[in-house]
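Going down the list, the sequences are from chains A and B.
If you read the first sequence in full-length UniProt numbering, its first letter stands for residue 1, the second for the next number, and so on.
If you read the second sequence in full-length UniProt numbering, its first letter stands for residue 1, the second for the next number, and so on.
Using N, Cα and C, we set each Cβ at its ideal position, and we do this for glycine too.
Here the structure comes first, spelled out in structure tokens, and everything after it is commentary.
Protein chains: 2
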Amino acid sequence: MPETTDISNTQATLSSISESLSAGAFVRVRKLLHDIAAGDVALLLESSPTKTRDILWQMLDADFHGDVLEELSEDVRNGIIGKMIPSRVVDALEDMDTDDLAETLSSLPENVLNNILATMDAQDRLRAEKAMSYGEDTAGFIMNTDTITLRREVTVDVVIRYLRLKAELPENTDTLYVVNRHDFLIGTLSLSRLLTSSPDVNVEDIMDDEPEALTVNMEEREVASMFERYDWLSAPVVDEDGKLVGRITIDDVVDIIREDAEHSMMSMAGLEDEEDTFAPVGQSTKRRSVWLGVNLVTALLAAAVSDMFEETLSQLAVLAILNTIVPSMGGVAGNQTLTLVIRGMAVGHVTDANALWLVRKELAIGFFNGIIWAVLIASVIALWKQDYMLGCVIAFAMMINMIAAGLAGATLPIIMKKMKIDPALAGSVILTTITDVVGIFAFLGTATLFLM
Amino acid sequence: MPETTDISNTQATLSSISESLSAGAFVRVRKLLHDIAAGDVALLLESSPTKTRDILWQMLDADFHGDVLEELSEDVRNGIIGKMIPSRVVDALEDMDTDDLAETLSSLPENVLNNILATMDAQDRLRAEKAMSYGEDTAGFIMNTDTITLRREVTVDVVIRYLRLKAELPENTDTLYVVNRHDFLIGTLSLSRLLTSSPDVNVEDIMDDEPEALTVNMEEREVASMFERYDWLSAPVVDEDGKLVGRITIDDVVDIIREDAEHSMMSMAGLEDEEDTFAPVGQSTKRRSVWLGVNLVTALLAAAVSDMFEETLSQLAVLAILNTIVPSMGGVAGNQTLTLVIRGMAVGHVTDANALWLVRKELAIGFFNGIIWAVLIASVIALWKQDYMLGCVIAFAMMINMIAAGLAGATLPIIMKKMKIDPALAGSVILTTITDVVGIFAFLGTATLFLM
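Right, here's the structure in full:
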């Protein structure tokens, strides 16, 4: 029977590690740690408070350090590397693939990185500098350089004998690359095509001679989008001249897809993408304070708008009670639109060609939302406060704010993107400021005109 | 030179399709449509308003319908299928892999599905029913059944000759499966291992005889998490007895990973996961109204809390002006914690073992946030309104609400998960209700006690 890997089994092992750790059964923890995959050890470290994390790391055999570091998220990895002796880090980096090496090194704080580079011997340092030579977030940065290349005029039989001599292929190899004598990529040949072809045909007769290649400078987000769209498992990477320089495999792209999708969610709540859930209290408090500070300013701004109507508020306390309803509804409606547009831009649905159509659509939704919720709130208030005029005032403010919400929610991310500002990062706070200010102004302003 | 697929090229083609369409150059549109990959046509359809989408679909050759349907998101796909003649749909479904067939059919509204099933011949219907026989969101549902199986005692040479006879392997095949005569999975053999082994060794000598297999009933989210953690490209699927029933390839898992990561973001804004950005206004308005309705109730609840302090508010209009600051800060701080915990649960970092630690940590952050922002707001208000006592009152309320925000943000998703409620869906609205009510109550309550 196959070993059916059940996630509850892994969970069971992880819990039993936690239990053994609290019980002080370190020998058992050590044994269990070396029984599970590097990805599982990484999960365990990421799920542990910093102190436990340090203890676990110390128990891990140095031979596994590299494998586990590769699998860790940035924040957690940097925390661990920061506490290691540089020479140990150098040992751990030795067996890493180029892409993992580049990612690990380039995310480190400058002083730590320099310490590590200084500890390396000349050859390792050269390799490290080469890995980091491509701009972060480009195809060159995430590619591996371990490609297997063939010449077009050899036969399938020769290729198979050549591969047998190699004894092992690089991890996740599914395609071989055909190059000319200047290393230009002229074709690709999948292992499955190779295996199903007759031994005496030439590579050029069975290769795909219009290979789709990525260029080294392509942004990783575009790379990910293409892998998703074309269901690739791997793709060759060429330089500006068309020379083969590496390959990207989908397991690295999966990380980008997850990070990219999580980025918007985390940013919209004012968190950093890879914020370590189990970071120390001080670090977390500091990181989150930026966002709270921005919010305090906008909350004071909204209060300043109310302050303009102090006279009205002091005479009609009921306005103070109802003052939060219209801004709140506008905030929710605007955030719905904003989220939809930000996600649409991230997956490439929203383009210059259809942006105007989308703004008009969201404006129309804002208009209909305005009608629906204006009628509803007017009825509720008229019944609750027995004041029809007050109902009309709040209905009018709701109408105005819902339209403002739709307009702001749709245009903000489009404008911000044009200005090269990440809409996920600041869009939500600007939007809420707009819906708060417009909502309060419309409600208290109309009330001052008609109820005073 | 290889054809370096540049995303801007694809974008250019897509824009030129849009332009030709508006210019009425239908022949050109038709030609361009058939020059690009199915994934690109899908992107174009998803980026178009419903009317344009319908026109484009009509221009597409029926032969491509199946390929494009596979790549579309649920909402858009259902919209298109709903308008097609059932017999056309049946034709389009004919060449689909089992996993795509299962997904396409099971997401259709019941009446459309029944129409389509009724149009199928007996054999197709059997295939469709088999594909849908596994629970949605399970490994069985997303697997393909086109595995290539071997027996352990044959030699590499025999395997290669067998593959040559087949002439073509199923898409994305990277591993062959070794089964015994009862179809039980006993090993796996990667194509790269096969190619690098000597022709006269037996499969059993080079296969991985401890294959890690998924079971048909495993949840797709767990499947995705394992692919991510172990960097798999494909994995075999077995039934409860260990019999091989199919395989899952990473290109299908990529979709799950993206949907899973987007799910939290969309849900937190009160949107459906695959909401079509370009859906008609009426449909969008209707879908978003649920969330706005819930928010109206909570906004009225907050107003009712303020209403309890009408007397205080009517005497001190300044309280009405400042009444929104404390709830707003609590809402932001609470949502930061909530988002972090929801994401932590989604990626498997937050477990029973560390939940308590996490709640304590967020409570501590709430406490420190409370101190920081209490001091700040007290200073601002004391300066602005020249009233030290008012500064102390708002500081105290801020302190209370920040602690409540940390506590609610951390415990809510953990409790909701235990109750099998999706925290992304309702967590944010419950949290905001708590921080609004606590914030208003603490501020106006303290003010009533000390300022009246």
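In the DSSP assignment, Tyr177 (chain B) forms a beta bridge with B:Thr149, B:Thr188. When the Cα atoms are used, Val438 (chain B) and Thr337 (chain B) turn out to be separated by approximately 17 Å.
DSSP places Pro170 (chain A) in the coil class of the three-state scheme, outside both helix and strand.
For Met398 (chain B), the closest of B:Ile440, B:Met96, B:Thr215 by C-alpha to C-alpha distance is B:Ile440.
Listed in chain order, the positions of the region 321-342 of chain A with a beta carbon within less than 7 Å of a beta carbon of chain B are Ile321, Leu322, Asn323, Thr324, Ile325, Ser328, Met329, Val332, Ala333, Asn335, Gln336, Thr339, Leu340. Contact of Phe141 (chain A) with chain B by beta-carbon distance below 9 Å is absent, the smallest such distance being about 17 Å.
Residue burial annotation: Val326 (chain B) is buried, with at least 16 other C-beta atoms found within 10 angstroms of its C-beta. Within chain A, no residue has its CB atom less than 8 Å from the CB of His65 (chain B), the nearest being about 18 Å off. Around Lys361 (chain B), the beta-carbon contacts reaching into chain A at under 8 Å are Pro49, Phe278, Val281, Ser284. Under the criterion of beta carbons closer than 8 Å, Ser107 (chain A) and Glu74 (chain A) qualify as touching, at roughly 5 Å.
Listed along the chain, the chain B residues whose CB falls inside 9 Å of the CB of Arg258 (chain A) are Glu228, Ile257, Arg258, Asp260, Ala261, Val347. Nearest in C-alpha terms to Arg288 (chain B), of all of A:Ile148, A:Gly406, A:Asn78, A:Gly66, is A:Gly406. Rounded to the nearest angstrom, the Cβ distance from Glu228 (chain A) to Val254 (chain B) is 6 Å, consistent with a contact under 8 Å. Remark: C-beta atoms of Gly246 (chain B) and Thr147 (chain B) approach each other more closely than 8 Å. Interface with chain A (8 Å Cβ-Cβ cutoff): Thr13 (chain B) is excluded. Per DSSP, reduced to three states, the secondary structure at Ala25 (chain B) is coil, with no helix or strand assignment. By the criterion of at least three beta-carbon pairs nearer than 8 Å, the region 329-336 of chain B is in contact with the region 279-298 of chain A.
Selection A:Gly66, A:Met143, A:Glu219 evaluated against Leu244 (chain A) yields A:Met143 as nearest (Cα-Cα). Pairwise C-beta distances place the region 343-356 of chain B out of contact with the region 307-322 of chain A, as fewer than three of them are shorter than 8 Å.
Following the DSSP letters along the chain, one finds Gly246 (chain B) inside the beta strand (DSSP E) bounded by residues 244-249. Between the beta-carbon of Ala404 (chain B) and that of Ile434 (chain B) there is about 6 Å, and that keeps the pair under the 8 Å contact cut. For Trp291 (chain A), the closest Cβ of chain B is nearer than 8 Å.
Per DSSP, the beta-bridge partners of Ser234 (chain A) are A:Thr249. About 21 Å separates the beta carbons of Leu194 (chain A) and Ile248 (chain A), which is beyond the 8 Å limit, so they are not a contact pair.
Among the CB atoms of chain A, none fall inside 8 Å of the CB of Asn115 (chain B). In this structure Leu45 (chain A) touches Arg53 (chain A) by the C-beta definition: roughly 5 Å separates them, less than 8 Å.
Contacts with chain B at 8 Å (Cβ-Cβ) do not include Glu153 (chain A). For Ala346 (chain A), there is no enclosing beta strand (DSSP E); the enclosing alpha helix (DSSP H) has its first and last residue at 325-346.
Residue-level contact by beta carbon holds for Ile250 (chain A) and chain B, with a gap shorter than 8 Å.
If you check the CB distance, Thr173 (chain B) and Thr298 (chain B) do not come in under 8 Å. The DSSP-derived three-state label of Glu74 (chain B) is helix. Put simply, of A:Thr188, A:Gly242, A:Asp100 the residue whose alpha carbon is nearest the alpha carbon of Asp208 (chain A) is A:Thr188. Contact annotation for Thr435 (chain B) against chain A: no contact, minimum CB-CB distance about 12 Å [criterion: below 8 Å]. A Cβ of chain B is located within less than 8 Å of the beta carbon of Gly39 (chain A). Beta-carbon to beta-carbon, Ser306 (chain B) and Ile321 (chain A) are separated by about 4 Å, close enough to satisfy the 8 Å threshold. Excluding residues up to 5 positions away in sequence, Ile81, Ile116 lie with their Cβ nearer than 6 Å to the Cβ of Val89 (chain B) in the same chain.
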